[in-house]
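So the structure is just underneath, and the comments pick up after that.
2 protein chains.
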Amino acid sequence: MKITKSTRIGWIGTGIMGRNMAMHILRDGYSLFVYNRTHSKAVELTSKGAVWCESPAEVAAMSDVIFTMVGYPSDVKETILGENGVLVAIRSNGILVDMTTSSPTLAKDIALIAGRRGISAIDAPVSGGDIGAQEATLSIMIGGDKKVVDALSPLWKLMGKTIVYQGEAGSGQYAKTVNQILIAGNMIGLCEALLFAYQSGLDLERVFQSVSTGAAGSWSLTNIAPRIMRGDFEPGFFVEHFVKDIEIALEESRRMNLSLPGLALVEQFYIAAKAKGYGKNGTQVLLRVLAELNNFDLGKKGKR
Amino acid sequence: MKITKSTRIGWIGTGIMGRNMAMHILRDGYSLFVYNRTHSKAVELTSKGAVWCESPAEVAAMSDVIFTMVGYPSDVKETILGENGVLVAIRSNGILVDMTTSSPTLAKDIALIAGRRGISAIDAPVSGGDIGAQEATLSIMIGGDKKVVDALSPLWKLMGKTIVYQGEAGSGQYAKTVNQILIAGNMIGLCEALLFAYQSGLDLERVFQSVSTGAAGSWSLTNIAPRIMRGDFEPGFFVEHFVKDIEIALEESRRMNLSLPGLALVEQFYIAAKAKGYGKNGTQVLLRVLAELNNFDLGKKGKR
Numbered sequence: 000m001k002i003t004k005s006t007r008i009g010w011i012g013t014g015i016m017g018r019n020m021a022m023h024i025l026r027d028g029y030s031l032f033v034y035n036r037t038h039s040k041a042v043e044l045t046s047k048g049a050v051w052c053e054s055p056a057e058v059a060a061m062s063d064v065i066f067t068m069v070g071y072p073s074d075v076k077e078t079i080l081g082e083n084g085v086l087v088a089i090r091s092n093g094i095l096v097d098m099t100t101s102s103p104t105l106a107k108d109i110a111l112i113a114g115r116r117g118i119s120a121i122d123a124p125v126s127g128g129d130i131g132a133q134e135a136t137l138s139i140m141i142g143g144d145k146k147v148v149d150a151l152s153p154l155w156k157l158m159g160k161t162i163v164y165q166g167e168a169g170s171g172q173y174a175k176t177v178n179q180i181l182i183a184g185n186m187i188g189l190c191e192a193l194l195f196a197y198q199s200g201l202d203l204e205r206v207f208q209s210v211s212t213g214a215a216g217s218w219s220l221t222n223i224a225p226r227i228m229r230g231d232f233e234p235g236f237f238v239e240h241f242v243k244d245i246e247i248a249l250e251e252s253r254r255m256n257l258s259l260p261g262l263a264l265v266e267q268f269y270i271a272a273k274a275k276g277y278g279k280n281g282t283q284v285l286l287r288v289l290a291e292l293n294n295f296d297l298g299k300k301g302k303r
Numbered sequence: 000m001k002i003t004k005s006t007r008i009g010w011i012g013t014g015i016m017g018r019n020m021a022m023h024i025l026r027d028g029y030s031l032f033v034y035n036r037t038h039s040k041a042v043e044l045t046s047k048g049a050v051w052c053e054s055p056a057e058v059a060a061m062s063d064v065i066f067t068m069v070g071y072p073s074d075v076k077e078t079i080l081g082e083n084g085v086l087v088a089i090r091s092n093g094i095l096v097d098m099t100t101s102s103p104t105l106a107k108d109i110a111l112i113a114g115r116r117g118i119s120a121i122d123a124p125v126s127g128g129d130i131g132a133q134e135a136t137l138s139i140m141i142g143g144d145k146k147v148v149d150a151l152s153p154l155w156k157l158m159g160k161t162i163v164y165q166g167e168a169g170s171g172q173y174a175k176t177v178n179q180i181l182i183a184g185n186m187i188g189l190c191e192a193l194l195f196a197y198q199s200g201l202d203l204e205r206v207f208q209s210v211s212t213g214a215a216g217s218w219s220l221t222n223i224a225p226r227i228m229r230g231d232f233e234p235g236f237f238v239e240h241f242v243k244d245i246e247i248a249l250e251e252s253r254r255m256n257l258s259l260p261g262l263a264l265v266e267q268f269y270i271a272a273k274a275k276g277y278g279k280n281g282t283q284v285l286l287r288v289l290a291e292l293n294n295f296d297l298g299k300k301g302k303r
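Respectively, the protein sequence lines represent chains C and S. Per numbering that gives the first Met the number 0, the first sequence starts with residue 0, numbered consecutively. Per numbering that gives the first Met the number 0, the second sequence starts with residue 0, numbered consecutively.
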């Protein structure tokens, strides 16, 4: 398939990420057919000319290329393989692109099932958050048939800046998993380090000055530590989404007989964060979990 | 005390870091008096005009400002408080600056003992490694009497780029500990993520392209991952030095009643690294430890 401006694009999942990504496609002049579980979240798109559909199957029936950007692997499964799912109505030679951060094994299964019917399924999770979605600077990690991935190039470029083909189906999800394992390590280091700094009575601004540009530096330190220092635990990136990503990573690892003790430990604290009602906070709330574990009042000065 | 070119500088500990740092002071025209346990490591300095002394005490007797840059807290203790240590011979109004990465509690003890005799003791550990020492781009984290720290300004500037006063005695060491806790988290995340990438059969170069500039980015990822991908486990930063730093962090945490589960776990794997004979490898050898834990052959392709 060659993508032209007459290629009809479907978009399922118009949450904060999906909406911003789909908007770039719509603005570039493509016909866009949209569905979302909660209708109201699609209004921004439909008010600008996107066509509302009543189900994933209806989107599929109207479109040549169908993007999905939903929540959990279970949502991906339902949206694509379910009763009113994409595969019920997609035309042969249709292309299905799941951009949800989801399970690599599920991505491979979907590619297999779709492939039997002549349909290409591509997995293409992203990193870069809502800002990256808005500014079209996402990193897109892509798995699936290389020819199809290349053909989609005009669409990738509307959404992302770092667009890398990672290999056969599932590889995009594997790469995104690598991304999340990196973040998990950075976050536990960051939160334990800041707690240590508080506890030892240091001035956090000064410590930040000393450590942020050297060998201890990280995106998390540069971007999230300042939020923590302001006492800001708003998302950013939701705890409950991160828990999902860690679960995916650990499930895949289990399946591959791979023991990742650091990640397993981080998961425990994020489960605790959810248990404490911090699921809708940003991932930096891990500091609060660790502070509470230590009966340490973040509002007070250290007690070295 | 005002630092002028007639201020006599003592330097104890001329290993890879100390030698390069002291060289900047010598080259700037100061008289330098040096001691090192292994004489040969001081020859580079003495051949350029530094005066060899037979003990820390002798260095102290000859100098106005005495720097120490040794190995372990036990070495700091012996060098400063021991039988032939600095405090035996230092003049009143002398200034003692320990730049070793050492125990905050020991730094406070030394400052107390020295202070009773009218001597200022400053703790000023650094980050930036041998390259930072050579190029005088170190981050220097400083604790102690602020007036004295300010007076030493001409000397700091010869060695470092990021020079930050952290607070009273011990604060420099606390800040450096924060730095090392950050690195510990980054390293476990990095090594587990890369192992996952290997195991899932990804092309590491492509993964690196996707993840290195976004939210998963870190100094470790940018600088150490490429070494790992080349199969290079040379130091960089020695495992056995990192184990020391983690021990200091955990001892201080224990003393403050602070539980840091992530750091404690990382310590276990670095102890295992030492047990496996990897003490003289770089900290990235953690990947090898985790690979061996999983009976995974890093030379082979993944087995997803």
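For each residue, glycine too, the CB sits at the ideal point set by N, CA and C.
Which word fits residue i, buried or exposed, when buried means at least 16 other C-beta atoms lie within 10 angstroms of its C-beta?
i      : result
L249/C : buried
N92/S  : exposed
E251/C : buried
E57/S  : buried
E233/C : exposed
I187/C : buried
L257/S : buried
K299/S : exposed
K308/C : There is no way to answer for residue 308/C, as the model of chain C reaches only from 0 to 303.
E53/C  : exposed
G117/S : exposed
D231/S : exposed
I162/C : buried
Q179/S : buried
T307/S : A question about residue 307/S goes unanswered here, because the residues of chain S that appear run from 0 up to 303.
S39/C  : exposed
A49/S  : buried
Given that residue i touches chain C, what residues does it touch there, using C-beta distances under 8 Å?
i      : result
S202/S : Here residue 202/S is Asp; the residue named in the question, Ser, does not match the sequence. Those within 8 Å of D202/S in chain C are Q165 and G166.
T212/S : S138 and T161
Which residues of chain S have a Cβ atom closer than 9 Å to the Cβ of residue i, listed in chain order?
i      : result
F195/C : Y173, T176, V177, I180, A248, E251, S252, M255, L257, L259 and L262
R205/C : M140, V163, Y164, Q165, G166, S170 and A174
I15/C  : Near I15/C there are no residues of chain S at all, since even the closest Cβ is about 16 Å away, more than 9 Å.
G81/C  : Here the premise fails: no neighbours, minimum Cβ distance about 26 Å.
S102/C : None at all; the shortest Cβ gap to chain S is about 12 Å.
S54/C  : Chain S residues near S54/C: none, gap ~33 Å exceeds 9 Å.
By DSSP, does residue i sit in helix, in strand, or in coil?
i      : result
D97/C  : strand
G230/C : coil
I121/C : strand
Y29/C  : coil
T45/C  : helix
S199/S : coil
L151/C : coil
L137/S : strand
K160/S : strand
R36/C  : coil
I2/S   : coil
G143/S : coil
G166/C : strand
G131/C : helix
G14/C  : coil
G171/S : helix
G9/C   : strand
Does the beta carbon of residue i fall short of 7 Å from some heavy atom of the ligand GTP?
i      : result
L203/C : By its list of ligands, the structure shown contains no ligand whatsoever, and the ligand GTP lies outside what it can speak to.
What does residue i touch in chain C if you count any residue whose Cβ is under 7 Å from its own?
i      : result
A305/S : Residue 305/S cannot be examined here, being either before or after the span of chain S that is shown, 0 to 303.
E191/S : I180, G184, L259, G261 and L262
S91/S  : Near S91/S there are no residues of chain C at all, since even the closest Cβ is about 29 Å away, more than 7 Å.
Give the residues of chain C in contact with residue i, contact being defined as C-beta atoms less than 9 Å apart.
i    : result
S5/S : Correct list: empty, because the minimum Cβ distance to chain C is about 31 Å.
Chain S contacts made by the segment 207 to 233 of chain C, where a contact means CB separation under 8 Å: Only Q208, S209, V210, T212, G213, A214, A215, G216, S217, W218, S219, L220 and N222 from the segment 207 to 233 of chain C bring a Cβ to less than 8 Å from some Cβ of chain S.
Could you list the residues in the segment 143 to 154 of chain S with a C-beta less than 9 Å from some C-beta on chain C, going in chain order? Of all residues in the segment 143 to 154 of chain S, none has a Cβ within less than 9 Å of some Cβ in chain C.
Within the segment 62 to 116 of chain C, note down every full alpha helix (DSSP H) run reaching 4 residues or more, in order along the chain. Within the segment 62 to 116 of chain C, the complete alpha helix (DSSP H) runs of at least 4 residues are 72 to 80, 85 to 88 and 103 to 114.
According to a CB-to-CB cut-off of less than 7 Å, which residues of the segment 277 to 296 of chain S neighbour chain C? Correct list: L292 and N293.
Members of the segment 114 to 135 of chain S near chain C, C-beta cut-off 9 Å: For the segment 114 to 135 of chain S, the residues whose beta carbon sits under 9 Å from a beta carbon of chain C are, in order, S126, G127, G128 and G131.
Quick check for students: name the residue ranges of the alpha helix (DSSP H) that lie wholly in the segment 208 to 295 of chain S, counting only runs of 4 or more. Runs of the alpha helix (DSSP H) lying entirely within the segment 208 to 295 of chain S, each at least 4 residues long, are 218 to 222, 224 to 228, 238 to 254, 260 to 274 and 285 to 292 in chain order.
If the cut-off is 9 Å on Cβ atoms, which residues from the segment 64 to 89 of chain S count as contacting chain C, listed in chain order? For the segment 64 to 89 of chain S, no residue has a beta-carbon sitting nearer than 9 Å to a beta-carbon of chain C.
Tell me which residues of the segment 20 to 52 of chain S have at least one Cβ-Cβ distance to chain C shorter than 9 Å, keeping chain order. Against chain C - using a Cβ distance shorter than 9 Å - the segment 20 to 52 of chain S contributes no residues.
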